[in-house]
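Following: one structure in structure tokens, then a few remarks.
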Amino acid sequence: MPAGLSEISAGRGFVGRLETGSDLVEEIERFCTEHGVVAAQVTVIGAVRRAAYAYYEQHDRRYRELESRTHHEIVGFTGNISLRDDKPFLHAHATFADADGATVGGHLLRGCEVFAAEIMIREFTGVSLVRIHDDETGLALW
Ligand code: ZN
2 MPAGLSEISA
12 GRGFVGRLET
22 GSDLVEEIER
32 FCTEHGVVAA
42 QVTVIGAVRR
52 AAYAYYEQHD
62 RRYRELESRT
72 HHEIVGFTGN
82 ISLRDDKPFL
92 HAHATFADAD
102 GATVGGHLLR
112 GCEVFAAEIM
122 IREFTGVSLV
132 RIHDDETGLA
142 LW
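In my numbering, the protein residues as written are 2 to 143.
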């Protein structure tokens, strides 16, 4: 099946910051649910007290969950919002840097505790982004 790209239009935009101690993934999904954002680009800059992320084992078709319990800067974050099980779902990958500048990262999981986080959400309209199970990869894809 060829990968197709859809033309989209810019919708609303939201900027702000998350509270210290909040869960990065949960708060973004909660905001999108409350504001009816079902397709969007999400970027974040800030720092976490604890990072939770995963690596997808392509052969085993399962996520290997990883965790860093020390303080990290969020030095990279790219994510999107689409619908999964009829609810706004955040798919994000992030890179975290420690006190020495060493980085870890991966597929973002719940459990990232925010120290400070500036969020930008750019909504898209004119597109229906729905995640469904993909047999070839074992992932829920558009
Ligand atoms: Zn991922």
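A virtual CB, placed ideally from N, CA and C, is assigned to each residue, including glycine.
Length of the line joining the Cα atoms of E119 and R50: 15 Å
The stretch 88-100 in contact with the stretch 56-65 per 3-pair CB rule at 8 Å: no
Coil, strand or helix - L25 by DSSP: helix
Cut-off 7 Å between Cβ atoms - residues of its own chain near V38, not counting five sequence neighbours on either side: I82, P89, I122, E124
Segment contact flag, the stretch 97-112 with the stretch 22-30, C-beta cutoff 8 Å, min 3 pairs: yes
Beta-carbon contacts of L84 that lie in its chain and below 7 Å, excluding the five residues immediately before and after: V39, F90, L130, V131, R132
beta-carbon H108 near the ligand ZN non-hydrogen atom, thresh 7 Å: yes
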